[in-house]
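Visitor:
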Amino acid sequence: MIEEASRLGVAETYYFAKKLAEIREMNSESDTKVLNLGIGSPDLPPPASVTNVLAESASRPDAHGYQSYKGIPELNEAFASWYKNHFDVSLVPEKEILPLIGSKEGVMHISMSFLNDGDQVLIPNPGYPAYAMCARLAGGEPLYFDLEENLGWLPDLKKIEEEHDLSKVKIMWVNYPNMPTGGKATTDFFGELIAFGQKHNILICHDNPYTFILNDEPISLLQIPGAKSTALELTSLSKNYNMAGWRIGAVVADKPVIDTLLKFKSNMDSGMFKPMQQAAVKALSLGAEWFDYLNGEYSKRKEVAMRIMESLGCEPLRGGVGMFVWARIPETMTSAEKMADDILYQSRVFITPGHIFGSNGARYLRISLCSDVAQLEQALQRIHQQIEVS
5 MIEEASRLGV
15 AETYYFAKKL
25 AEIREMNSES
35 DTKVLNLGIG
45 SPDLPPPASV
55 TNVLAESASR
65 PDAHGYQSYK
75 GIPELNEAFA
85 SWYKNHFDVS
95 LVPEKEILPL
105 IGSKEGVMHI
115 SMSFLNDGDQ
125 VLIPNPGYPA
135 YAMCARLAGG
145 EPLYFDLEEN
155 LGWLPDLKKI
165 EEEHDLSKVK
175 IMWVNYPNMP
185 TGGKATTDFF
195 GELIAFGQKH
205 NILICHDNPY
215 TFILNDEPIS
225 LLQIPGAKST
235 ALELTSLSKN
245 YNMAGWRIGA
255 VVADKPVIDT
265 LLKFKSNMDS
275 GMFKPMQQAA
285 VKALSLGAEW
295 FDYLNGEYSK
305 RKEVAMRIME
315 SLGCEPLRGG
325 VGMFVWARIP
335 ETMTSAEKMA
345 DDILYQSRVF
355 ITPGHIFGSN
365 GARYLRISLC
375 SDVAQLEQAL
385 QRIHQQIEVS
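The sequence shown begins at 5 in my numbering and counts up one residue at a time.
1) Considering just the uninterrupted stretch of the beta strand (DSSP E) at residue 237, what are its terminal residues?
2) Return helix, strand or coil for residue 318, following the three-state DSSP convention.
3) Taking the alpha helix (DSSP H) that residue 86 belongs to, which residues open and close that run?
4) Can you round the beta-carbon distance between residue 151 and residue 187 to whole angstroms, since I take them to be within the 8 angstroms contact cut?
5) Quick check on this structure: which residue in 157, 149, 153, 117 has the alpha carbon closest to the alpha carbon of residue 139?
6) Specify the secondary structure class of residue 254 as computed by DSSP and reduced to three states.
7) Relative to the C-alpha of residue 261, which residue among 232, 33, 282 is closest?
8) Could you compute how far the alpha carbon of residue 32 sits from the alpha carbon of residue 344?
9) Under the assumption that residue 169 contacts residue 143 (Cβ atoms under 8 angstroms), give the Cβ distance between them as a whole number of angstroms.
10) For residue 177, name the three-state secondary structure that DSSP assigns.
11) From which residue to which residue does the beta strand (DSSP E) around residue 372 run?
12) When DSSP labels each residue in this structure, what does residue 113 get in the three-state scheme?
13) Using a Cβ-Cβ cut-off of 8 angstroms (strictly less than) and excluding sequence neighbours within five positions of residue 377, which residues of its own chain qualify?
14) According to the neighbour-count rule (16 or more other Cβ atoms, all chains shown, within 10 Å of its Cβ), is residue 59 buried or exposed?
15) May I have a chain-ordered list of the alpha helix (DSSP H) segments no shorter than 4 residues that lie completely inside the stretch 341 to 366?
16) Spell out the partners DSSP gives residue 51 in its beta bridges.
17) Taking three-plus beta-carbon pairs below 8 angstroms as touching, is the stretch 13 to 23 in contact with the stretch 210 to 229?
18) Tell me which residue opens and which closes the beta strand (DSSP E) that residue 129 is part of.
19) Find out if the Cβ-Cβ distance for the pair residue 190, residue 207 is shorter than 9 angstroms.
20) Spatial neighbours of residue 75 within its chain, please: CB distance less than 7 angstroms, with the 5 preceding and 5 following residues excluded, ordered by chain position.
21) Would you check if the distance between the CB atom of residue 279 and the CB atom of residue 244 is smaller than 9 angstroms?
22) DSSP three-state call for residue 309: helix, strand or coil?
23) DSSP on residue 64, reduced to helix/strand/coil?
24) Which residue's Cα is closest to the Cα of residue 238: 370, 283, 87, 38?
25) Kindly indicate which residue of 37, 392, 326, 348 has the alpha-carbon position closest to the one of residue 373.
26) Please report the distance separating the alpha-carbon of residue 348 from that of residue 45.
27) Looking only at its chain, what residues have a beta carbon closer than 6 angstroms to the beta carbon of residue 30, apart from the 5 residues adjacent to it on each side?
28) Determine, using beta carbons only, whether residue 332 and residue 370 come nearer to each other than 9 angstroms.
29) Can you list, in chain order, the residues of its chain whose CB lies under 7 angstroms from that of residue 310, leaving out five sequence neighbours each side?
30) Enumerated in chain order, which unbroken segments of the beta strand (DSSP E) with a length of 3 residues or greater are wholly contained in the stretch 165 to 224?
31) Am I right that residue 119 and residue 162 are in contact with their C-beta atoms under 8 angstroms? What's the rounded C-beta distance?
32) Just the Cα atoms here: how many angstroms apart are residue 255 and residue 24?
33) Are there 16 or more other CB atoms within 10 angstroms of the CB of residue 21, so buried, or fewer, so exposed?
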């Protein structure tokens, strides 16, 4: 067996991969299956009209060939219309939009396209682990900035300037509605963020996959005047339209950024399956009725998830947006990691410990809203039973 590449020395096994393997083993040894409240993978189906387009398109003999790296024109136009309708952001479809095979690949494409060895990347703590991992794999160095509860999980940009030499920083990752915290950005903050990027010549990368989930005031970073001079935005159909396994997203940016990303992407894939692109066009055309339905379901789930956190003695974030409930653990608990393991082993309920998102998450737990009300109620019952026993 030949040795693996040295670059993989920076890659850690994903926490969920290890934990899910442990859960599978636990399930094989007991009839009482673990209730998984940890993973943010939508359990609800996409709109029927979307799957109908997929099935109809896939039945056509001419639907199965390689596709353009840039996506079919109809999809780019649909993304442009979506941005105009929801955010009043005007985009040139063929120049400022690049469809992606899931926005997660966009994180790697951006890192590989813009980072040289030794370049630094500003990364939120807590935050999505892929930001740091992709930076390292591309030869970059993560430079963490704090997100804290007392600031509404928004970064203190002045503090970042005071604490860090930003001369080597090329990219800054932000993510609102925030994962894992549920924090929400404002247009005022986004304005400050764009000014920060322009001042320090940093590419601001806004990862925006939870746009409409339990979020009454969705905003885009690109609504800020001049944003495209220093920023890009990733969007996704995974959460907004329950299409996580389809792997459909897009990066929206000024033409030079799109052209640079295309140099890398065109060497990595051979385009997206055309019927999925056509179905995505349909999804992007859906109106408020779809989000009203979706958020109605998530609201019911969130109410139970909040009760679970409260039954554990945790303090859930009030007014949080997105598809997770984030809560501070009791002061009497050693750590969120130990508390999550205790819940798993004693109640057979898996809740995500916040330390996996960074040190600032070490005293928080996260519940995903991707389980139905019945499963959440069952988890609550198990936890209550364990509390009564102990």
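For every residue, glycine included, the Cβ atom is placed at its ideal position computed from N, Cα and C.
Guide: This is what the structure holds:
1) Stepping through the sequence shown from its first residue, residue 237 is reached at position 233. It spans 235 to 240 - the beta strand (DSSP E) in which residue 237 sits, taken as one unbroken run.
2) Here residue 318 corresponds to residue number 314 of the sequence shown, with the count starting at 1. Residue 318 falls in the coil class under three-state DSSP.
3) The count along the sequence shown starts at 1 and reaches residue 86 at position 82. Taken as a continuous stretch (DSSP letters only), the alpha helix (DSSP H) holding residue 86 covers 77 to 91.
4) Here residue 151 refers to the residue found at position 147 of the sequence shown. Here residue 187 refers to the residue found at position 183 of the sequence shown. So it is a contact: roughly 7 angstroms between Cβ atoms.
5) Within the sequence shown, the letter at position 135 stands for residue 139. In terms of CA proximity to residue 139, 117 leads the group 157, 149, 153, 117.
6) As a first step, residue 254 is located in the sequence shown; it is residue number 250 there, counting from the start. Correct three-state label for residue 254: strand.
7) To locate residue 261, count along the sequence shown from 1; it is residue 257. When C-alpha distances from residue 261 are compared across 232, 33, 282, the shortest belongs to 232.
8) Indexing the sequence shown from 1 puts residue 32 at position 28. Indexing the sequence shown from 1 puts residue 344 at position 340. If I take the Cα positions, the gap works out to 20 angstroms.
9) As a working mapping, residue 169 is identified with position 165 in the sequence shown. As a working mapping, residue 143 is identified with position 139 in the sequence shown. 19 angstroms between Cβ atoms; not a contact.
10) For the purposes of this step, residue 177 is taken as the residue at position 173 of the sequence shown. Strand, per DSSP.
11) The residue labelled residue 372 in the question sits at position 368 within the sequence shown. That run of the beta strand (DSSP E) goes 368 to 372.
12) As a working note, residue 113 is residue 109 in the sequence shown. Residue 113: helix per DSSP, three-state reduction.
13) Numbered from its first residue, the sequence shown carries residue 377 at position 373. The residues are 304, 305, 308.
14) Translated into positions along the sequence shown, residue 59 becomes position 55. Exposed.
15) none
16) Looking up residue 51 in the sequence shown gives position 47. According to DSSP, which records beta bridges pairwise, residue 51 is partnered with nothing at all.
17) No, the stretch 13 to 23 does not touch the stretch 210 to 229.
18) Taking the sequence shown and counting its residues from 1, the one referred to as residue 129 is at position 125. Element bounds for residue 129: 124 to 129.
19) Position 186 of the sequence shown, counted from the first residue, corresponds to residue 190. Position 203 of the sequence shown, counted from the first residue, corresponds to residue 207. Taking 9 angstroms as the Cβ cut-off, residue 190 and residue 207 do not qualify as a contacting pair.
20) The residue given as residue 75 occupies position 71 in the sequence shown. Excluding sequence neighbours, residue 75 sits near 103, 276, 281.
21) Residue numbering aside, residue 279 sits at position 275 when the sequence shown is read from its first letter. Residue numbering aside, residue 244 sits at position 240 when the sequence shown is read from its first letter. Their beta carbons are not under 9 angstroms apart, which means residue 279 does not touch residue 244 by this criterion.
22) Along the sequence shown, read from residue 1 onward, the residue named residue 309 stands at position 305. Of the three classes helix, strand and coil, the one that applies to residue 309 here is helix, per DSSP.
23) The count along the sequence shown starts at 1 and reaches residue 64 at position 60. Note: residue 64 maps to coil in three-state DSSP.
24) Residue mapping note: residue 238 aligns to position 234 of the sequence shown, counting from 1. Of the candidates 370, 283, 87, 38, the one whose C-alpha sits nearest the C-alpha of residue 238 is 87.
25) By 1-based counting over the sequence shown, the position of residue 373 is 369. Measuring from the Cα of residue 373, the nearest candidate turns out to be 326.
26) One-based indexing of the sequence shown puts residue 348 at position 344. One-based indexing of the sequence shown puts residue 45 at position 41. Each residue's Cα considered, the two are about 19 angstroms apart.
27) Residue 30 sits at position 26 when you count from the first residue of the sequence shown. The answer, listed in chain order, is 38.
28) Residue numbering aside, residue 332 sits at position 328 when the sequence shown is read from its first letter. Residue numbering aside, residue 370 sits at position 366 when the sequence shown is read from its first letter. Cβ distance not < 9 angstroms, so residue 332 and residue 370 don't count as in contact.
29) Along the sequence shown, one-based indexing puts residue 310 at 306. The residues are 320, 329.
30) 173 to 178, 207 to 211
31) Within the sequence shown, the letter at position 115 stands for residue 119. Within the sequence shown, the letter at position 158 stands for residue 162. Actually they do not touch by this definition, with Cβ atoms about 25 angstroms apart.
32) Within the sequence shown, the letter at position 251 stands for residue 255. Within the sequence shown, the letter at position 20 stands for residue 24. About 30 angstroms.
33) If you number the sequence shown from 1, residue 21 lands on position 17. Exposed: under 16 other Cβ atoms inside 10 Å.
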